[in-house]
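Data block below; observations after.
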Amino acid sequence: MSEVTNTVRFALDGQIVEVKGERRTTTVLNYLREELRRTGTKEGCAEGDCGACVVLVGELNENDSAIDYVPVNSCLQLLPTLDGKVLKTVESLSSGSHPQHPIQEAMVSCHASQCGFCTPGIVMSLVHMAQVTPKPSRQDITDALSGNLCRCTGYKPIVEAAQKACDSSVSLSLQDPKDIELLKQIKRSDQPTLSLEGEIIVQPVVRTRKGNEFVSPSTLAELSHYMLQHPEATLLAGSSEIGLQVNKDFVRPDHLVYIGHVKELQAVKTLTTHWQVGAGVGLQEVMNLCAKELPDFAEVLRRFGSPPIRYTATLAGNIANGSPIGDSMPCLMALGAQVGLRRGDKSRLVALENFYTGLKKNVLQAGEFIEFIQIPRLKAHERFVAHKVSKRFEQDISATCGAMCYTLKDGKLTQVRLAYNGLTPYPARAPKMEKVLEGQRASDVLASDLDRAIAESFTARDGLRATWAYRALLARNLVLKFIHPLDMEVSPS
Ligand SMILES: Cc1cc2nc3c(=O)[nH]c(=O)nc-3n(C[C@H](O)[C@H](O)[C@H](O)COP(=O)(O)OP(=O)(O)OC[C@H]3O[C@@H](n4cnc5c(N)ncnc54)[C@H](O)[C@@H]3O)c2cc1C
Ligand code: FES
Ligand code: FES
C-alpha cells in the first residue's frame, strides 16, 4: 500500500522525520539547509558536478538485517524520494562520545582541509567508500573522490587521510540497529492498494492543491496502471537529469512517478545468453555486473559521472533520456542490446538500435515505459571493445564514445557491430564503417577507407564539446585502436 497522502517519512539521526506540505520538487539539499537548518551540507554547483552536497541515503537490505547506503548528490534528489529511507548528513557523524568520525579526525591530522567548503562532501564520500570497501587501495580512494572537487587543498592529503582512517583498527561502519528498527516502522508496503471493486489505487506521497502529484508505486502493476491513466506523467529514476531540469530550467512536472520503490524494476537476472537489468537498477550495479566479462563496458561506466551519479542514475534513464552523447548506448548497441517496453499489461522487445527516431525522440508510446534492458553476453569467439574520449578522465561527458563487437574467424573480422555517440543526433551504429571492416584482416584495414565511410555516413556538424573534424578523427582512430592488438595477434613479429 502506498503511504499516507502528503507525508514524506524518513529516518534521520535516530528519529523519524515527517514532512507535510512540501513541494514535490523541493530538493533534499534545500530541505536540509532551509528547513532543518543543517548547513553542513553545502551547495556548490547545484548540478551534480562538485560533490559539496553529498549525503548518504540508506535502505533495508533484502532480509531487513542491514542497511545498504549509497552516496547521493542532495542537490539533484527530490525530497519525496526519501520516503521510507534513512538519511545521513555530515552532522549525523558526531555522537556524544565521538564528536568527530575517524575519517574527520584523519582529515584534521593530515591537514586535508583549508577553506572547508568541499570537506563535508568529501567526508561523506569517504564514509560511503569505507562501508563498501573497508580496505581501499589508492585507486579505490581516488575513484570514491572522483565526484568531489577541492579548489584549495590538493588531493594528496585527502587521500592520505582516507588511507590513514581505513588502516586504523577503529570501526568506520554506519550500521546501527536503531536505524534498522526505524526503517522497519516506515517501510513501504510492497502490495498495491485496491479499491472495493479491486481497482488499483496509487496513493500520492505528495499532492498539491491543484491536484499535481508525486507518486511512488511499489509494484509494476501500480506503475503501469498509473502511467496508463496519466500518460503525460514524468518518470523519475535516479534524478540526475530531472534534478538538473528542476534546478536549472525550473521545470515543474505536474505528475512525477518515482520508480525507485518498484520492486520488480530493481532486479537483475543473469541468464546464459544475456543479463536482464531492471529499469530501476543503478549504473554502479551494472558496472559491477559486467566487470569480468565486458571490462571495457565497465571502464566506460567507471568514467560515467562520479560515484553519487552512478549509484543513483539508471541505465534505463540514460537510454530514455537519449542524449546524443549518452555513454552507455554505443556499448549496448554494439552488443546488440534490446529494451523491454511496457504499456499497461502489454510488453514488447525493441532492439536498442531501433529505439531512437530523432534527437531526444524515441518509439515510446503514451503511457509506455522501459521495464528492463537485455544486455547480451559474449558468445564463444566474440569480442567487445569500447573507449570513451573526454577532456577530463573522470566526471566528464564524451567528445565521442565508440564501441565495437566482432568475431575473429580465420584471422578476419566478421559480424562487426560498431556504434558511436557524438556523431549523430542520437547514438547509433555506423553500418558503412562496419562494411569497411567486415571480412578484413586487421592489417589490411586502411585509414583512408574508414575516413571515406565516415564522410559518407555522417553530417558534419561542430558541437559544444568537440569540432566535427576532431570527432571524425576520433571515430577513425578509435577503430584503429580497437583493431591494433589484432594486428599483433596476426603477425607477432
Ligand atoms: C554530474 C553529471 C554527470 C553525468 N555524467 C554522464 C556521463 O558521464 N555519461 C552520460 O551518458 N551521462 C551522464 N550524465 C547524464 C545522466 O546521469 C544520465 O543520462 C543518467 O543515466 C540518467 O539516469 P537517471 O536514472 O538519473 O534518469 P532521470 O533523471 O531520473 O530521468 C531521465 C529521463 O529518463 C526518463 N526515464 C527514466 N526512467 C525511465 C523508464 N524506465 N522508462 C522511460 N523513461 C524513463 C525520465 O522521465 C527522464 O525524462 C551525467 C549527469 C550529471 C548530472
Ligand atoms: S552542489 Fe555541486 S554536486 Fe550538488
Ligand atoms: S578545502 Fe577549500 S575547496 Fe577544498
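Residues in the sequence shown are numbered consecutively from 451, following this note's numbering.
For every residue, glycine included, the Cβ atom is placed at its ideal position computed from N, Cα and C.
Between residue i and residue j, what straight-line distance do the alpha-carbon atoms span, to the nearest angstrom?
i	j	result
residue 557	residue 920	42 Å
residue 542	residue 629	12 Å
residue 648	residue 659	27 Å
residue 653	residue 531	14 Å
residue 478	residue 627	24 Å
residue 933	residue 880	16 Å
residue 935	residue 793	45 Å
residue 767	residue 819	10 Å
residue 423	residue 562	The question about residue 423 has no answer here: the residues shown for the chain are numbered 451 through 943.
residue 870	residue 493	35 Å
residue 770	residue 812	8 Å
residue 583	residue 590	8 Å
residue 758	residue 779	20 Å
residue 454	residue 795	Residue confidence for residue 454 is low, a pLDDT of 41 falling below 50, so the modelled location carries little weight and cannot support an answer.
residue 505	residue 524	6 Å
residue 526	residue 693	4 Å
residue 740	residue 760	14 Å
residue 442	residue 509	Here the chain has residues from 451 to 943 only, and residue 442 is not among them.
residue 681	residue 666	16 Å
residue 809	residue 837	23 Å
residue 941	residue 829	Reliability fails at residue 941, whose pLDDT of 45 lies under 50, so the model's placement of it is uncertain and no value is given.
residue 754	residue 713	25 Å
residue 751	residue 877	16 Å
residue 514	residue 585	25 Å
residue 642	residue 651	7 Å
residue 864	residue 578	44 Å
residue 858	residue 831	7 Å
residue 917	residue 772	21 Å
residue 451	residue 677	Here residue 451 scores only 39 on pLDDT, less than 50, and its place in the model should not be relied on; the value that follows carries that caveat. The straight-line gap from Cα to Cα measures roughly 17 Å.
residue 487	residue 538	14 Å
residue 601	residue 736	31 Å
residue 826	residue 781	11 Å
residue 699	residue 511	35 Å
residue 906	residue 899	11 Å
residue 545	residue 798	52 Å
residue 931	residue 895	12 Å
residue 834	residue 719	21 Å
residue 805	residue 566	46 Å
Excluding the 5 residues preceding and the 5 following residue i in the sequence, name in chain order all residues of the same chain whose CB lies nearer than 6 Å to its CB.
i	result
residue 704	662
residue 775	847, 848, 871 and 872
residue 476	529
residue 728	715, 716, 717 and 822
residue 470	456 and 457
residue 867	784 and 855
residue 951	Past the boundaries of the shown model lies residue 951; the chain is included only from 451 to 943, so the question cannot be answered.
residue 801	788
residue 915	849
Give a yes or no on whether 8 Å exceeds the smallest Cβ distance from residue i to chain D.
i	result
residue 668	Here there is only one protein chain, and chain D is not present.
Going by DSSP, which residues form a beta bridge with residue i?
i	result
residue 728	822
residue 832	857
residue 925	In the DSSP output, where bridge partners are listed per residue, residue 925 has none listed.
residue 459	468
residue 714	Note: residue 714 sits in no beta bridge, so no partner.
residue 894	Bridge partners of residue 894: none, in fact.
residue 792	797 and 819
residue 661	Looking at the DSSP assignment, residue 661 forms no beta bridge with any residue, so it has no partner.
residue 686	708
Considering only residues of the same chain and omitting the five flanking positions on each side of residue i, which have a CB-CB separation below 8 Å?
i	result
residue 901	922 and 926
residue 596	756, 757, 844 and 845
Could you round the C-beta distance between residue i and residue j to whole angstroms and report it? I think they count as a contact, below 8 Å.
i	j	result
residue 715	residue 670	7 Å
residue 784	residue 892	Residue 784 to residue 892, Cβ: 17 Å. No contact.
residue 502	residue 568	6 Å
residue 686	residue 707	6 Å
residue 481	residue 468	Wrong, their Cβ atoms sit about 13 Å apart, outside the cutoff.
residue 573	residue 553	6 Å
residue 764	residue 733	7 Å
residue 517	residue 633	7 Å
Which same chain residues, not among the five before or five after residue i, have their C-beta less than 7 Å away from its C-beta?
i	result
residue 496	525 and 697
residue 904	883, 922, 925 and 926
residue 943	Because residue 943 carries a pLDDT of 38, less than 50, the predicted location of this residue cannot be relied on, and no value is offered for it.
residue 875	774, 808 and 809
Lining residues of ligand 2 - beta-carbon closer than 6 Å to any non-hydrogen atom, in sequence order: Residues with a Cβ closer than 6 Å to any heavy atom of ligand 2, in chain order: 493, 494, 495, 496, 498, 499, 500, 501, 502, 503, 523 and 525.
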